[in-house]
Every structure is written in C-alpha cells, then in structure tokens.
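Before any comments, here is the structure.
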Amino acid sequence: MTPIILFVSIGLLLSSVFARNPCGTPEWRYSPHNGKCYKLFDEQVDWTSGEFTCDFYGAHLVSIHNAADNQFVAELAKQAGTVWIGAAMFGGSRSYTYGDKSNFDFENWEGGFRPAYVRRNKCIHLDGQSGKWLQRCCTIDLTAFICQKDPIELPGEIIEEISPFDKAAIEKNTIDFRRRKFIRRL
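To convert a position in the sequence shown, counted from 1, into this note's numbering, add 662.
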C-alpha cells in the first residue's frame, strides 16, 4: 500500500469516527447545550406507553430544567403538535416528579402559572408551537412524545441495529410494564 493511500485511508477512518452521532443513530438528536440525546416519536399514545417506549431505548420521557431545554424540546415537538414530557403526579401526590427522578425545577405553563389541581390531570403536554405546558390526563389523552437519554460511547464499528420486538410482543410487554411500574403510581 502506498503512503498516500494509507494516509487517505487513515484520514477517512478518523473522520468517520469523530463525525459519528454521540447518540448512536441518526434518529436521535444530540443537544450540545446539556449533553443529552432526544428522539421524537409521532405515535399518539398515553403517558405510560410513552415512558415504556422510552425505557425500551434506555431513555425516559423528556425532562426540562431550563428555558434552553424547553426551546430545544419545543423545536423537536413542532412537527407533532404536542408531546408528553416526563413529569407526572404519582399516586396521591400533588407535586410533579420526573420519571427519570431529576428535579422538577422549571415550569412553563400556558397562562404563566400552574393550573389548579384536577385529580385526573396528572401529566403534562408541551405545545410545540408555543413551548407552553398544559395539564392533561395521563391515561385518556393521547399524544406524541419525546424520549431523552445520555449519549453512548460508540464502539469502533457498529455492525447493525436490531429491533427484537414485533407488535404482539410490544403490546404484551406494555401491559406487563404498566402493571409493574406505573399504573399503581398514577
């Protein structure tokens, strides 16, 4: 192998390694602002199904901790209209908690303040056009959702991406997951 070909080959190899998405696949968008990865799912689902799907990807429904996070998520949500975020009131609590256990330390409610407590409205939609938040019923209302996860360390070579679930398996696992993890808390 001539030195020029070797040099070009090494250059191409290095550029492909450093140009890779830190989230692993192109469907996930990386935010350099907070170092997290995000993916919009257009499927219209209840809050628990959204959290279950995120869990399958090693993620949670999105947590928003400042205005920059909110703006980034709103931009992702524009094509879907509204999306679930990860905050919910679990059990009899009247306080919001994120599914990833991070602090509920930022709010951006429609109208400028948190709405009055309504027993069945324990989850939050984010409106993609305004970036404002709306209280919604976790089990009746259906909307798209955004998952958030930490970036991955990429191996030297990704061979293929495999999705081991078919629709029947996803439905069965969703029911099992709801029973185990969330329905008791909502």
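Where a beta carbon is used, it is the ideal one built from N, C-alpha and C, also for glycine.
{"Item": "Can residue 725 and residue 760 be called in contact, C-beta distance under 7 Å?", "Value": "yes"}
{"Item": "For residue 722 and residue 742, I'd like the C-alpha separation in whole angstroms.", "Value": "18 Å"}
{"Item": "Okay, do the region 780-795 and the region 746-760 touch, 3+ Cβ pairs below 8 Å being the bar?", "Value": "yes"}
{"Item": "Can you say whether residue 763 is buried or exposed, counting buried as having 16 or more other CB atoms within 10 angstroms of its CB?", "Value": "exposed"}
{"Item": "What's the gap between the Cα of residue 634 and the Cα of residue 805?", "Value": "The question about residue 634 has no answer, for the chain in this structure spans 663 to 848."}
{"Item": "Does the pairing of the region 794-803 with the region 766-775 give three or more beta-carbon distances under 8 Å?", "Value": "yes"}
{"Item": "Alpha carbon to alpha carbon, how far is residue 735 from residue 702? Give it in angstroms, no decimals.", "Value": "9 Å"}
{"Item": "Rank 789, 766 and 780 by C-alpha distance to the C-alpha of residue 740 and give the top, closest one.", "Value": "789"}
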